[in-house]
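In the numbering used here, the protein residues as written are 39 to 211.
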């Protein structure tokens, strides 16, 4: 998380850790009948983004609630949650996040892992970081080049293993 806050140049940060915020073996008590009213979604509606931390087995992509959260972030960013009939305040807050007219920007989805050989933390960011954006504005292409260089050590085999995951075989926790 330190590396993430450094890459994103975050100040006055707080991370909500799902595994610590819900009773993992009694999720039925913490979750509503409609997943769009779950504690997961309510917490996400108050965040700037989601940091997905991958182990060498890509375990979060094998857990149904992790897939739910990842899906909500990507669908909201693509304006695809508008048609959902259920959900309450948390869903409406996420849907309204378009960065226009003073509204919050869409949630970001960043992915972090540790490289197997060096043990270094590498982070794939959703778009450019603040520094990369400044570089891009000063010299077109420079920000994207820096992002590419920063992310080049992310394990390709880990990315490939994520592409083979079948959400229908996901575990509950």
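Note that CB positions come from ideal geometry on N, CA and C, so glycine has one too.
Keep in mind the model is a prediction, meaning the values are calculated, not measured.
- By the criterion of at least three beta-carbon pairs nearer than 8 angstroms, the segment 182–191 is not in contact with the segment 76–95.
- The C-beta separation of residue 43 from residue 51 comes to about 5 angstroms, placing the pair in contact by the 8 angstroms criterion.
- Within the same chain, Cβ atoms closer than 6 angstroms to the Cβ of residue 99 are found at 200, 203, the five residues on either side in sequence being excluded.
- Fewer than three Cβ pairs drawn from the segment 101–118 and the segment 154–163 lie within less than 8 angstroms of each other, which leaves the two stretches out of contact.
- Closest in C-alpha terms to residue 192, from the list 73, 176, 96, comes 96.
- If you draw a straight line from the Cα of residue 209 to the Cα of residue 176, it comes to about 46 angstroms.
- Take residue 111, set aside five residues on each side of it, and the residues of its chain with a beta-carbon closer than 6 angstroms to its own are 88, 145, 147, in chain order.
- For the alpha helix (DSSP H) assignment, the uninterrupted runs of no fewer than 4 residues enclosed by the segment 145–208 are, from N- to C-terminal side, 168–176, 180–189, 194–201.
- According to the DSSP assignment, residue 111 belongs to no beta strand (DSSP E) but to the alpha helix (DSSP H) extending over 102–115.
- Straight across, the Cα-Cα distance linking residue 113 with residue 56 is about 20 angstroms.
- Partner residues in the beta bridge of residue 87, as assigned by DSSP, are 146.
- Judged by DSSP in its simplified three-state form, residue 39 adopts coil rather than helix or strand.
- Annotation: residue 169 to residue 105 spans about 30 angstroms, alpha carbon to alpha carbon.
- Exclusion of the five residues before and after residue 48 leaves no residue of its chain whose Cβ lies closer than 6 angstroms to its Cβ.
- Between residue 162 and residue 189, the gap from beta carbon to beta carbon is short of 7 angstroms.
- Under a 10 Å Cβ-count criterion, residue 76 is classified as buried, with 16 or more other Cβ atoms of the shown protein chains found around its own Cβ.
- Distance check between residue 194 and each of 40, 152, 165 places 152 closest, using alpha-carbon atoms only.
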